[in-house]
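Below is one structure; the comments refer to it alone.
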Amino acid sequence: MINNQSTNRKYILFLLIPTVFFCSDANDKNASKKKMPVRELYTLQDSDKEITITLLGAVAHKDKAEVSSKVQGRIEKIFKEQGEKVNKGDALAKVETLNLELQLRKDEASVEVQNRQIDLARAKYIQAKQRTEKDLANIEKAKAEVDEAKANLDNLNRTHHNKKDLFEIGGVSETELKGVETALVSGETAYFKAKKNYSSIQVGYRVEDLQRGGIPVPKDPSKLNDAFVDLNTIIEKAELEMANANLKATLANIETTKLLIKESTLLSPLSGRVAVRSLYVGEATKEGQPVYIIVDDAEVFLTFPVSESDLPKFQEGKYIDFTIDALTNEPPRKGKIFIVSPILDAQSRTAEIKVIYKNEGKKLKPGMFARASYSYTLPNSGFLIPKTGIILSEDKTKGTIYYVGNNELCFSKEVQVESIENDKVMIHGEIGEGDKIVLKGLESLTNGQRWDE
């Protein structure tokens, strides 16, 4: 009995062994099928060259002017209120000018007084010139008197010498000789006085006087007297120049006051609307404080930040489509790229572009949110492919794709990576429209392998 049971167990075990092996082989095949990646073929099309970049931004002023008062004072009148339309040159407000008007009258009255002062200073200057010319004439006369006294003294010396010789031989009497000697003494005295007088009246009319007075000594002797006139009328001439300068200063003050009175009326520098009025009647203006802010809403800017990788795609003069969040039921608008900023923000790595738009109907208001879409066509060798169709390098500047030929075999090809946008990668290389590439499961592919194995 025991032997029969043992024999039955061996027979059952023998029958179960093939079944175990068969089941194990079947499970391995099923597991292999489950692990094999599900790949797809992707055909590069012309539409893969079209890139649409979406931007978020806002409406901003194109032209804006802050109007401040050049006149310090209180607001006297208000002509335009916030929100009103204005044209260039329209009066906005007026600052009180009472103090300026009083100063203007005072200066205008002082002009007549200063004209009289100029007349007086001119008369003194003319008299000083005449006095100087008279002094020069007296100097010439004194010089002539010195010459005359010298000549007379020389004659007396000769006469005395002759009379003395005659006296020694008895030709003249002692009385006559004494008379000649007396005349000689008188001649010497006259000559001495003439020299002293000439030396005295020459003070102020000598070359050294010119040098001390800082007046250049003319090389032409005929112009020496003119230099002496300048030296001896220097005070009167300075008084005349001062009187003229005072008059010019007063006239300049008058012109300045008139200009300030004119500037007391604040004018709009451009056409548009009053965005801000910061002061009321009676409030004082401050230096640099804007009283009005005027904005031109005929044209507006739409500003959008653009990433540094997309920035080269935007060119001034190109058109861009945009919508305004607040105007949901209106079709997209088209604006022109006016400025592409050359400055990149160091933190956000973006640069600003400004799109100009003619604001017909004045519906766009500064501060409104805007959304723009910009279409860009890649060059012939560039395509935008799904991210699952490329193996990126570590630095993500290059990548490997697998293209499939007519024989269904795939081969790797290296391409350059321009940018990565969400689930898309922009590439360029030796690829073209109609080429087929493999998506998904690229890591398990080898060159020459069927793409679907």
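One point on numbering: in my numbering, the residue at position 452 of the sequence shown is 565, and numbering is uninterrupted. Even for Gly, the Cβ is constructed at its ideal location relative to N, Cα and C.
Exposure label - ARG390; buried when at least 16 CB within 10 Å: Here residue 390 refers to the residue found at position 277 when the sequence shown is read from its first residue. By the C-beta density criterion, ARG390 is buried, having at least 16 other C-beta atoms within 10 angstroms.
Three-state class that DSSP yields for PHE596 in the structure shown: Outside the displayed span of the chain (114 to 566) sits residue 596, for which this structure offers no information.
Simplified DSSP assignment, three categories, for PRO418: To locate residue 418, count along the sequence shown from 1; it is residue 305. Reduced to three states, the DSSP call for PRO418 is strand.
Extent of the continuous alpha helix (DSSP H) run through LYS307: Locating residue 307 in the sequence shown gives position 194, where the first residue counts as 1. Checking the sequence, you will find Ala at residue 307 rather than Lys. That run of the alpha helix (DSSP H) goes 287–314.
Given a threshold of 16 other Cβ atoms within 10 Å of its Cβ, counted over all protein chains shown, does PHE435 qualify as buried or as exposed? Taking the sequence shown and counting its residues from 1, one reaches residue 435 at position 322. Under a 10 Å Cβ-count criterion, PHE435 is classified as buried, with 16 or more other Cβ atoms of the shown protein chains found around its own Cβ.
Consult DSSP for GLY495 and reduce its assignment to one of helix, strand or coil. In the sequence shown, counting from the first residue as 1, residue 495 sits at position 382. Residue state, collapsed to three classes: strand.
Are the beta-carbon atoms of ALA234 and LEU353 separated by less than 9 Å? Mapped onto the sequence shown, residue 234 falls at position 121. Mapped onto the sequence shown, residue 353 falls at position 240. Yes, these two residues count as a Cβ contact at 9 Å.
Tell me, which residues are paired with THR378 by DSSP? The count along the sequence shown starts at 1 and reaches residue 378 at position 265. Looking at the DSSP assignment, THR378 forms a beta bridge with LYS207.
If you draw a straight line from the C-alpha of LEU205 to the C-alpha of TYR487, how long is it? For the purposes of this step, residue 205 is identified with residue 92 of the sequence shown, where counting begins at 1. For the purposes of this step, residue 487 is identified with residue 374 of the sequence shown, where counting begins at 1. Taking the straight line joining both Cα atoms gives about 42 Å.
Exposed unless 16 or more other CB atoms sit within 10 angstroms - verdict on PHE305: Numbered from 1 along the sequence shown, position 192 holds the residue referred to as residue 305. By the C-beta density criterion, PHE305 is exposed, having fewer than 16 other C-beta atoms within 10 angstroms.
So, using beta-carbon positions, are TYR155 and LEU552 closer together than 9 Å? Position 42 of the sequence shown, counted from the start, is the residue given in the question as residue 155. Position 439 of the sequence shown, counted from the start, is the residue given in the question as residue 552. Yes, these two residues count as a Cβ contact at 9 Å.
Out of LEU379, ASP409 and LEU415, state which residue places its alpha-carbon closest to the alpha-carbon of THR398. What you label residue 398 is simply residue 285 of the sequence shown in a count that begins at 1. THR398 has its Cα closest to that of LEU379, out of LEU379, ASP409 and LEU415.
LEU415, buried or exposed, once every other Cβ within 10 Å from all chains shown has been counted against 16: As a position in the sequence shown, residue 415 is number 302, starting the count at 1. LEU415 is buried by the Cβ-count criterion.
Using the three-state DSSP reduction, which class does LYS142 fall into: helix, strand or coil? Reading the sequence shown from its first residue, position 29 is the one you call residue 142. Because LYS142 sits at a pLDDT of 46, beneath the cut-off of 50, its placement in the model cannot be relied upon, and the following sentence gives the value as read from the coordinates. Correct three-state label for LYS142: helix.
On the CB-based measure, 16 or more other CB atoms within 10 Å of its CB, does VAL569 come out buried or exposed? For residue 569 there is no data in the structure shown, the boundaries of the chain being 114 and 566.
Please give me, in chain order, every unbroken run of the alpha helix (DSSP H) with length at least 4 that falls completely inside the segment 332–418. Runs found: 337–345 and 347–376.
Do the segment 531–545 and the segment 190–203 touch if we need at least three Cβ pairs shorter than 8 Å? Touching, no.
For ASN228, count neighbouring Cβ atoms within 10 angstroms of its own Cβ and tell me buried if that reaches 16, exposed if not. Taking the first residue of the sequence shown as 1, we reach residue 228 at position 115. ASN228 is exposed by the Cβ-count criterion.
Between the beta-carbon of ILE433 and the beta-carbon of LYS177, is there less than 9 Å? As a working note, residue 433 is residue 320 in the sequence shown. As a working note, residue 177 is residue 64 in the sequence shown. No, these two residues do not count as a Cβ contact at 9 Å.
Could you check if ILE437 is buried or exposed, using at least 16 other CB atoms within 10 Å of its CB as the buried criterion? Sequence index remark: in the sequence shown, residue 437 carries index 324 (1-based). Classification for ILE437: buried.
With H, G and I counted as helix, E and B as strand and the rest as coil, what does DSSP make of SER182? On the sequence shown, residue 182 is found 69 positions in, with the first residue counted as 1. Residue state, collapsed to three classes: coil.
Other residues of its chain near ASP165: CB distance less than 6 Å, five sequence neighbours each side excluded: Your numbering for residue 165 matches position 52 in the sequence shown. Per the sequence shown, the amino acid found at residue 165 is Thr instead of Asp. Contacts found: SER486 and SER488.
According to DSSP, is VAL528 helix, strand or coil? Mapped onto the sequence shown, residue 528 falls at position 415. If DSSP states are grouped into helix, strand and coil, VAL528 belongs with the strands.
Excluding the 5 residues preceding and the 5 following GLU301 in the sequence, name in chain order all residues of the same chain whose CB lies nearer than 7 Å to its CB. For this step, residue 301 is matched to residue 188 along the sequence shown. Non-local C-beta neighbours of GLU301 in its own chain, meaning closer than 7 Å and more than five positions away in sequence, comprise LEU266, ordered along the chain.
Cβ neighbour criterion (16 or more within 10 Å) applied to ASP220: Here residue 220 corresponds to residue number 107 of the sequence shown, with the count starting at 1. The residue in question, ASP220, is buried, as its Cβ has 16 or more Cβ neighbours within 10 Å.
Contact set for ILE314: own chain, Cβ-Cβ below 8 Å, skip 5 residues either direction: Against the sequence shown, residue 314 aligns to sequence position 201. Cβ contact annotation for ILE314 (same chain, cutoff 8 Å, sequence separation greater than five): ASP248, ASN251, ILE252 and ALA255, in chain order.
In angstroms with no decimal places, state the Cα-to-Cα distance between ASP159 and LEU491. Numbered from its first residue, the sequence shown carries residue 159 at position 46. Numbered from its first residue, the sequence shown carries residue 491 at position 378. Going from the Cα of ASP159 to the Cα of LEU491 covers about 10 Å.
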